[in-house]
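Student: This structure is in structure tokens; I'll ask about it shortly.
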Amino acid sequence: MKNKILSLFLFFFSYAFFQAEYIFAQGEIHGNFQVDAQYYNADSAIGALPVPEKMLMNSFTNLIYTNGSFSAGVRFESYLNSMQGFDPRYIGNGIPFRYASFNRDNFTITVGSYYEQFGSGLIFRSYEERGLGYDNAMDGISVKFTPYKGVYLKGLVGKQRYYFTHGPGIVRGFDGEVSLNEMITSMNEKKTKIFLGGSFVSKFQSDQDPVYILPQNVGAWAYRLKLNHGGWAFFSEYATKINDPSSVNNYIYKRGGGLYVNSSYSQKGLGVNLAAKVIDNMNFRSDRTAQNNDLMINYLPSLTRQHTYNLASTIYPYATQPNGEMAYQADITYTMKKNTLLGGNYGTTLLINYASANGLDTVRVPSGLGYKANYTKFGQVYYKDFNIEIQKKINKSFKFNLFYANFAYNKEVALGKVGEGMVYANIEVFDFTYKFNDTHALRMELQALQTKQDKGDWATVLAEYTISPKWFFTALCQYNYGNSIVSDRQLYPIAQIGFIKNSTRVTLGYGKQRAGVFCIGGICRVVPASNGATISISSSF
Amino acid sequence: MKNILLSFIITTITTGFVFAQKSERVIPSVNIKKLDGTLYNTDNIKNNGKPIIIDFWATWCSPCKAELNAIAEEYDDWQKETGVVLYAVSIDDARNVDKIAPYVNGKGWEYEVLSDVNGDFKRAMNVNNVPHVFVLNGNREIVYQQNSAAPGDDKKLYEIVKKVAKGEKID
Numbered sequence: 001m002k003n004k005i006l007s008l009f010l011f012f013f014s015y016a017f018f019q020a021e022y023i024f025a026q027g028e029i030h031g032n033f034q035v036d037a038q039y040y041n042a043d044s045a046i047g048a049l050p051v052p053e054k055m056l057m058n059s060f061t062n063l064i065y066t067n068g069s070f071s072a073g074v075r076f077e078s079y080l081n082s083m084q085g086f087d088p089r090y091i092g093n094g095i096p097f098r099y100a101s102f103n104r105d106n107f108t109i110t111v112g113s114y115y116e117q118f119g120s121g122l123i124f125r126s127y128e129e130r131g132l133g134y135d136n137a138m139d140g141i142s143v144k145f146t147p148y149k150g151v152y153l154k155g156l157v158g159k160q161r162y163y164f165t166h167g168p169g170i171v172r173g174f175d176g177e178v179s180l181n182e183m184i185t186s187m188n189e190k191k192t193k194i195f196l197g198g199s200f201v202s203k204f205q206s207d208q209d210p211v212y213i214l215p216q217n218v219g220a221w222a223y224r225l226k227l228n229h230g231g232w233a234f235f236s237e238y239a240t241k242i243n244d245p246s247s248v249n250n251y252i253y254k255r256g257g258g259l260y261v262n263s264s265y266s267q268k269g270l271g272v273n274l275a276a277k278v279i280d281n282m283n284f285r286s287d288r289t290a291q292n293n294d295l296m297i298n299y300l301p302s303l304t305r306q307h308t309y310n311l312a313s314t315i316y317p318y319a320t321q322p323n324g325e326m327a328y329q330a331d332i333t334y335t336m337k338k339n340t341l342l343g344g345n346y347g348t349t350l351l352i353n354y355a356s357a358n359g360l361d362t363v364r365v366p367s368g369l370g371y372k373a374n375y376t377k378f379g380q381v382y383y384k385d386f387n388i389e390i391q392k393k394i395n396k397s398f399k400f401n402l403f404y405a406n407f408a409y410n411k412e413v414a415l416g417k418v419g420e421g422m423v424y425a426n427i428e429v430f431d432f433t434y435k436f437n438d439t440h441a442l443r444m445e446l447q448a449l450q451t452k453q454d455k456g457d458w459a460t461v462l463a464e465y466t467i468s469p470k471w472f473f474t475a476l477c478q479y480n481y482g483n484s485i486v487s488d489r490q491l492y493p494i495a496q497i498g499f500i501k502n503s504t505r506v507t508l509g510y511g512k513q514r515a516g517v518f519c520i521g522g523i524c525r526v527v528p529a530s531n532g533a534t535i536s537i538s539s540s541f
Numbered sequence: 542m543k544n545i546l547l548s549f550i551i552t553t554i555t556t557g558f559v560f561a562q563k564s565e566r567v568i569p570s571v572n573i574k575k576l577d578g579t580l581y582n583t584d585n586i587k588n589n590g591k592p593i594i595i596d597f598w599a600t601w602c603s604p605c606k607a608e609l610n611a612i613a614e615e616y617d618d619w620q621k622e623t624g625v626v627l628y629a630v631s632i633d634d635a636r637n638v639d640k641i642a643p644y645v646n647g648k649g650w651e652y653e654v655l656s657d658v659n660g661d662f663k664r665a666m667n668v669n670n671v672p673h674v675f676v677l678n679g680n681r682e683i684v685y686q687q688n689s690a691a692p693g694d695d696k697k698l699y700e701i702v703k704k705v706a707k708g709e710k711i712d
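So the sequence lines, in the order shown, correspond to chains F and U.
Per my numbering, the first sequence starts with residue 1, numbered consecutively.
Per my numbering, the second sequence starts with residue 542, numbered consecutively.
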């Protein structure tokens, strides 16, 4: 009898196991992983404070299971404790991101955590920027539906991620986009492509304020149009939001508004892009008391070139001012043809960019509406950037870039440092790569920044020796030689060794990192000065 | 009793074997966009049994652009010799998404350029950071990945593509 029961049990167990494995075998599990850790030395000369833990670590692992139209995933995050420059509310271990999603009959349904964006993000974008510790993932339900060819509908309800918990507000949204060319058969093959879209987003947060009557539901609308005709492209989005008193706008009851227009033309060898935007009281968060990078519902990136050279990208970074800004930008990419006088043997590329951001021209009004804006005039200068770059290849082993930028930077506004004024700076970069053979190459960047304001002049030298495809060795040295305070004329050297094997990357580093602001898109992170050893491992499988 | 145990073990091992026999990973099905704004499902990334390169890049990623510019000079030859097609998937967000086409055309790239503005394809492919390059065989299975773009990596990439085109194994 015992045997029979056991055999029956084993049979069923085996069967269940087989079934599970069979289902599993039909699907796939993949993931990626990253760990960053740093050992900290105190260094009073550069202002690096002692770290009680000595060593700090950030890590995450994504696991995604997919089986046909079904997928599910989790992200395990670990901050033991969070590294300097990341918000200390990232602490401990957890699984803040997990979801299941399936699509069937033109429906895609996601439950749990998700990232989504309406239009250009003027009223809604949930996304992550791991390098900045930014993550406003939605947690709830999202449905996408295509009822008819070329008609795309999205609906969602959720709460926003707030470190290892959620924000207090609920975010609801709906978005529709119509691709006329796909929808109307006679337009299918037309060269002109037309897209129309509209979205509505509302947040709910209860009002418990003893003094003010605050709107508990705040709605925002956006409308967009995209046109494409061969090399021409046009995109515009307009958004409006009802009164939304918050700590960022000093609890005024003014409506919010935003307009973004972008137009571009390109053909082989030439690209031109023009863009302009107005942002007026568009801070939109699922908690009216939230500050800094917390619980943002919309995405307001700065209309400026995203610089890659160290001095240009990190000394004077700029992010959109959500309370009010008028900005415009022009970009030209031009490649001179091969085998011409200026083009040389390989063609020469010229990149020109001009970006300008000003405050709104406003008059205070005595009511709770705060101010009135006059859009026909620019307010005070926030940021101006003219930059030009020439990229040239001389022969198979040598190529270089020459870069020049001229900045005007309102430090008081951009960094919120009261009493600091305008900074005017010039930056020059000479960047060259010399290939010794098919695998060995040396790249160097010589950078200089001159300014009479702020911390004065800087110089940076970067040398990067690579052995393709597995090794790299980097040395970077920054020197604030023009600082008016002689004891602050510090040298910041950093050395790194990296090893890459397919999708796995290991980097070891040692050196001094200056205090600064590190930005991607519209989000910035203040990084304190540090001195120590770093290790970073990332892999995907 | 022994027989039962034995059959149990054999069943589990064979099913495990089935699991281990699984073929290479096929790219996930995700909706992204073409540069003209049209929706594009990644199921359409295919090349009639010939090799495919998927290169994740961004307008702000210098090493990505350096490698794609280096490949652009050789791309004609690569296509003639192996029939390979390169899909350059930009992960630029709303800040730079409108600058992709002017840059791509300004540089004269002949690649299939796609825009993954919400990072959906990037996440589904488990891409940590750019540059991240995948090589797919004719069955759209991932046979090689490289998470870097140093000078010379394009040569290595082409070695891989040539092997894939001939149906040889990648070590």
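By construction, the Cβ of each residue, glycine as well, lies at the ideal position given by its N, Cα and C atoms.
Residues bridged to F/Lys-501 by DSSP?
Tutor: Answer is F/Thr-504.
Student: Let me know the beta strand (DSSP E) ranges lying completely inside the region 83–107 of chain F, each 3 residues or longer, listed in chain order.
Tutor: Fully enclosed beta strand (DSSP E) runs of 3 or longer: 92–104.
Student: Relative to chain F, which residues along the region 640–673 of chain U have a C-beta separation below 9 Å, given in chain order?
Tutor: Residues passing the 9 Å Cβ filter: Lys-640, Ala-642, Pro-643, Tyr-644, Val-645, Asn-646, Gly-647, Lys-648, Gly-649, Val-658, Asn-659, Gly-660, Asp-661, Arg-664, Ala-665, Met-666, Asn-667, Val-668, Asn-669, Asn-670, His-673.
Student: Is the separation between the beta-carbon of F/Tyr-114 and that of F/Tyr-99 shorter than 7 Å?
Tutor: Cβ atoms of F/Tyr-114 and F/Tyr-99: closer than 7 Å.
Student: Mind pulling the chain F residues with CB within less than 7 Å of U/Ser-631?
Tutor: Correct list: empty, because the minimum Cβ distance to chain F is about 13 Å.
Student: In this structure, what does DSSP give as the bridge partners for F/Thr-110?
Tutor: F/Thr-110 is bridged to F/Ser-101, F/Ser-142.
Student: Which value, in whole angstroms, describes the spacing of the CA atoms of F/Met-138 and U/Tyr-581?
Tutor: Each residue's alpha carbon lies about 24 Å from the other.
Student: Report the residues of the region 251–274 of chain F with a CB closer than 7 Å to any CB of chain U, ordered along the chain.
Tutor: Of all residues in the region 251–274 of chain F, Asn-262, Ser-264, Ser-266, Gln-267, Lys-268, Gly-269, Leu-270, Gly-271, Val-272, Asn-273 have a Cβ within less than 7 Å of some Cβ in chain U.
Student: Is it true that the CB of F/Arg-161 sits closer than 7 Å to the CB of F/Ser-202?
Tutor: Contact flag unset, no.
Student: Are U/Lys-663 and U/Ile-683 close, meaning C-beta to C-beta below 7 Å?
Tutor: No.
Student: Considering just the uninterrupted stretch of the alpha helix (DSSP H) at U/Tyr-699, what are its terminal residues?
Tutor: Per DSSP, U/Tyr-699 belongs to the alpha helix (DSSP H) from 694–707.
Student: Between U/Trp-619 and chain F, is any beta-carbon pair separated by less than 7 Å?
Tutor: Output row for U/Trp-619: interface = no.
Student: For a test of the three-state rule: what should DSSP assign to U/Gln-620, helix, strand or coil?
Tutor: In this structure, U/Gln-620 counts as helix in the three-state DSSP scheme.
Student: Against chain F, which members of the region 683–700 of chain U pass a CB distance test of less than 8 Å?
Tutor: Correct list: Tyr-685, Gln-686, Gln-687, Asn-688, Ser-689, Ala-691, Pro-692, Gly-693, Asp-694, Lys-696, Lys-697.
Student: First and last residue of the beta strand (DSSP E) that includes F/Thr-348?
Tutor: Per DSSP, F/Thr-348 belongs to the beta strand (DSSP E) from 348–364.
Student: Are there three or more Cβ pairs, one per stretch, closer than 8 Å when the region 144–155 of chain F is compared with the region 274–282 of chain F?
Tutor: With a cut-off of 8 Å, the region 274–282 of chain F and the region 144–155 of chain F do not count as touching, because too few Cβ pairs lie within range.
Student: Where F/Pro-215 and F/Ala-222 are concerned, what is the direct C-alpha to C-alpha distance, given to the nearest angstrom?
Tutor: For F/Pro-215 and F/Ala-222, the distance between alpha carbons rounds to 20 Å.
Student: Counting contacts by CB-CB distance shorter than 7 Å, is F/Glu-28 in contact with chain U?
Tutor: Yes, its Cβ sits closer than 7 Å to a Cβ of chain U.
Student: For a cutoff of 7 Å on Cβ pairs, would you count F/Lys-452 as touching chain U?
Tutor: Not an interface residue.
Student: Could you name each continuous beta strand (DSSP E) segment of 3 residues or more that falls completely within the region 40–72 of chain F, going from the start of the chain to the end?
Tutor: Qualifying beta strand (DSSP E) stretches, in chain order: 55–67.
Student: Looking at the secondary structure, which residues open and close the beta strand (DSSP E) in which F/Phe-378 lies?
Tutor: Note, F/Phe-378: beta strand (DSSP E), 371–395.
Student: Give, in chain order, every residue of the region 89–123 of chain F whose Cβ lies closer than 9 Å to some Cβ of chain U.
Tutor: Listed by position, the residues of the region 89–123 of chain F near chain U (Cβ gap below 9 Å) are Asn-103, Thr-108, Tyr-115, Glu-116, Gln-117, Gly-119, Ser-120, Gly-121, Leu-122.
Student: Leaving out the 5 sequence neighbours to the left and right, which residues in its chain are closer than 7 Å to F/Arg-305 when beta-carbon positions are compared?
Tutor: Asn-353, Ala-355, Asp-385, Asn-387.
Student: Cα-Cα, which of F/Lys-54, F/Thr-340, F/Tyr-316 is closest to F/Lys-411?
Tutor: Among F/Lys-54, F/Thr-340, F/Tyr-316, the Cα nearest to that of F/Lys-411 is on F/Tyr-316.
Student: Using a Cβ-Cβ cut-off of less than 8 Å, give me the residues of the region 500–511 of chain F that come near chain U, in sequence order.
Tutor: Cβ contacts with chain U: Ile-500, Asn-502, Ser-503, Thr-504, Arg-505.
Student: Go ahead and pull the three-state DSSP assignment for U/Pro-643.
Tutor: Helix.
Student: For F/Thr-451 versus F/Val-423, is the C-beta distance shorter than 7 Å?
Tutor: Yes, Cβ-Cβ distance for F/Thr-451 and F/Val-423 is below 7 Å.
Student: Taking only beta-carbon positions, decide if U/Trp-601 is within less than 7 Å of chain F.
Tutor: Yes - at least one Cβ of chain F is within 7 Å of the one on U/Trp-601.
Student: Considering only the alpha carbon of each residue, which of F/Ala-529, F/Ala-441, F/Asn-67 lies closest to F/Gln-26?
Tutor: It is F/Asn-67 whose Cα lies nearest to the Cα of F/Gln-26.
Student: If you follow the beta strand (DSSP E) that F/Arg-224 is in, where does it begin and where does it stop?
Tutor: Note, F/Arg-224: beta strand (DSSP E), 217–229.
Student: Using a Cβ cut-off of 7 Å, which residues of the region 68–82 of chain F contact any Cβ in chain U, in chain order?
Tutor: From the region 68–82 of chain F, no residue has a Cβ closer than 7 Å to chain U.
Student: Chain U partners of F/Thr-66, CB-CB under 7 Å?
Tutor: Under the 7 Å cutoff, chain U gives Pro-569.
Student: At the level of alpha carbons, what is the spacing between F/Asn-181 and F/Asn-374?
Tutor: Taking the straight line joining both Cα atoms gives about 39 Å.
Student: Measuring CA to CA, which of F/Asn-502, F/Phe-174, F/Ile-279, F/Thr-474 is closest to U/Tyr-685?
Tutor: Nearest option by C-alpha distance: F/Asn-502.
Student: What does the alpha-carbon distance come out to for the pair F/Asn-480 and F/Tyr-383?
Tutor: Near 23 Å, if we compare the C-alpha coordinates of F/Tyr-383 and F/Asn-480.
Student: Give the straight-line distance between the Cα atoms of F/Ile-95 and F/Asn-136, rounded to the nearest whole angstrom.
Tutor: Cα to Cα, F/Ile-95 sits roughly 14 Å from F/Asn-136.
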